[in-house]
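Undergrad: Heads up: the sequence shown at position 90 corresponds to 92 in this note's numbering, and the numbers run straight through without jumps.
All C-beta atoms, glycine included, are put in the ideal place defined by N, C-alpha and C.
Dropping a structure here in structure tokens format, bear with me for questions.
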Amino acid sequence: MMFHARRAAFASVVIALVLQLQTTFFVRGFSTDARVVSSPRRCGCRSVAALSSTTSPVDTAAESDIARDTAGVDDLAARLLSTCAEYGQIGSKLTEEQRSTIDELCSALSDYSDPAPAQINLTGTHELIYSASPGGSSGAVGPFVGKVSQSFLDGTRFINRVELFGGAVKVELNAERKVLDENRIRVAFKETAFFVFGNEVKRVDAKGRGVWDYAYSGRVNVNGEKMRLRIMKTPSTFVIVQKE
Numbered sequence: 003m004m005f006h007a008r009r010a011a012f013a014s015v016v017i018a019l020v021l022q023l024q025t026t027f028f029v030r031g032f033s034t035d036a037r038v039v040s041s042p043r044r045c046g047c048r049s050v051a052a053l054s055s056t057t058s059p060v061d062t063a064a065e066s067d068i069a070r071d072t073a074g075v076d077d078l079a080a081r082l083l084s085t086c087a088e089y090g091q092i093g094s095k096l097t098e099e100q101r102s103t104i105d106e107l108c109s110a111l112s113d114y115s116d117p118a119p120a121q122i123n124l125t126g127t128h129e130l131i132y133s134a135s136p137g138g139s140s141g142a143v144g145p146f147v148g149k150v151s152q153s154f155l156d157g158t159r160f161i162n163r164v165e166l167f168g169g170a171v172k173v174e175l176n177a178e179r180k181v182l183d184e185n186r187i188r189v190a191f192k193e194t195a196f197f198v199f200g201n202e203v204k205r206v207d208a209k210g211r212g213v214w215d216y217a218y219s220g221r222v223n224v225n226g227e228k229m230r231l232r233i234m235k236t237p238s239t240f241v242i243v244q245k246e
């Protein structure tokens with residue numbers, strides 16, 4: 003009896019929080035410039051994938067370079083992820099020096115991105131590791147920090163999801179994406195749904211759009227764990243992984 007009373011009281015508090023989230027949970031950190039301009043490719047010939055496709059089987063020197071590059075990329079990725087774990091996922095709460103450290107590691111990886119990262123097929127669920135965005139898309143909801151993920155439904159639709167209190171409260175931002183060029187994807191937000199204990203309690207239209215501008219995308223091996231690492235600018239920095 004007491005358990006049900008406490009659960010009902012908690013539900014009432016959560017519903018009040020959800021109603022507050024309606025006014026506070028919106029996407030920030032995106033460029034509002036809607037102009038489409040050609041984006042020069044930043045990913046140079048040092049890309050591991052590009053080197054692999056042009057190396058002769060008998061060119062042992064080139065093969066050695068690839069091995070060194072792969073190890074170097076994995077090391078950079080490991081340093082980036084460990085730094086994000088140490089500092090925390092919400093960049094707006096870090097110092098300028100801490101954010102600069104993360105941005106420098108992201109920039110170091112950019113030369114090794116897969117070719118045409120925006121055109122890579124995205125499937126399954128991806129986990130947010132770090133976001134410099136000051137809004138709810140970083141997982142910052144008032145005094146709480148939520149678990150943030152992206153679920154790709156098909157070639158166009160995806161969901162940005164924030165989970166609080168172990169999933170008792172969930173906010174889902176439904177969106178669509180369109181590839182603009184090799185490095186950029188335009189994102190348009192459609193609606194936001196709020197869930198409490200798995201039950202939808204509210205759904206509202208979501209306005210706004212932005213652009214993912216890729217700094218890096220590639221498969222890395224971090225401490226024996228394989229994953230796809232994506233780094234994007236919106237212009238806020240986002241670091242996202244999909245573990246294999």
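Quick one: grab the DSSP three-state call for Q91.
TA: Of the three classes helix, strand and coil, the one that applies to Q91 here is coil, per DSSP.
Undergrad: One question on the structure: do R188 and R211 come within less than 9 angstroms of each other, judged by their Cβ atoms?
TA: A contact, by the Cβ cut-off of 9 angstroms.
Undergrad: Quick one: is S115 buried, meaning 16 or more other Cβ sit within 10 Å of its Cβ, or exposed?
TA: Buried.
Undergrad: When DSSP builds the beta bridges, which residues end up paired with E99?
TA: Bridge partners of E99: none, in fact.
Undergrad: Count the other C-beta atoms from every protein chain shown that fall within 10 angstroms of the C-beta of T97, then say buried if there are 16 or more, exposed otherwise.
TA: Its Cβ having fewer than 16 others within 10 Å, T97 is exposed.
Undergrad: Between which two residues does the beta strand (DSSP E) harbouring I122 extend?
TA: From DSSP, I122 is part of no beta strand (DSSP E); its letter is neither H nor E.
Undergrad: Kindly identify the DSSP beta-bridge partner or partners of F167.
TA: DSSP, once it has assigned bridges, lists no residue as partnering F167.
Undergrad: Look at the Cβ atom of M234, then the Cβ atom of A208, and state whether they are nearer than 9 angstroms.
TA: It is not a contact, given that the beta carbons lie outside the stated cut-off.
Undergrad: Look at the alpha carbon of T236 and the alpha carbon of I242, and state the distance between them as a whole number of angstroms.
TA: Rounded to the nearest angstrom, the two C-alpha atoms are 13 angstroms apart.
Undergrad: How would you write the range of the beta strand (DSSP E) that S153 sits in, first residue to last?
TA: That run of the beta strand (DSSP E) goes 149-154.
Undergrad: Cutting at 6 angstroms between CB atoms, please list the residues of its own chain near T158, excluding the five before and the five after it.
TA: Cβ neighbours of T158 beyond the five flanking positions: E178.
Undergrad: Using C-beta distances below 7 angstroms, list every residue in its chain close to D105, excluding the 5 sequence neighbours before and after it, in chain order.
TA: Closer than 7 angstroms at Cβ, skipping near neighbours: T239.
Undergrad: Beta-carbon within less than 6 angstroms of R230's beta-carbon, same chain only, minus the 5 sequence neighbours each way: which residues are those?
TA: Closer than 6 angstroms at Cβ, skipping near neighbours: R221, Q244.
Undergrad: For L231, does the three-state DSSP call read helix, strand or coil?
TA: Looking at L231 - three-state DSSP - the assignment turns out to be strand.
Undergrad: According to DSSP, is Q244 part of a helix, a strand, or is it coil?
TA: Looking at Q244 - three-state DSSP - the assignment turns out to be strand.
Undergrad: F191 and K172: beta carbons closer than 9 angstroms?
TA: Cβ atoms of F191 and K172: not closer than 9 angstroms.
Undergrad: In or out: T125 buried (at least 16 other Cβ within 10 Å) or exposed?
TA: So T125 ends up on the exposed side.
Undergrad: To which residues of the same chain is I131 closer than 7 angstroms at the C-beta, ignoring the five residues directly before and after it?
TA: L83, C86, Q91, V241, I242, V243.
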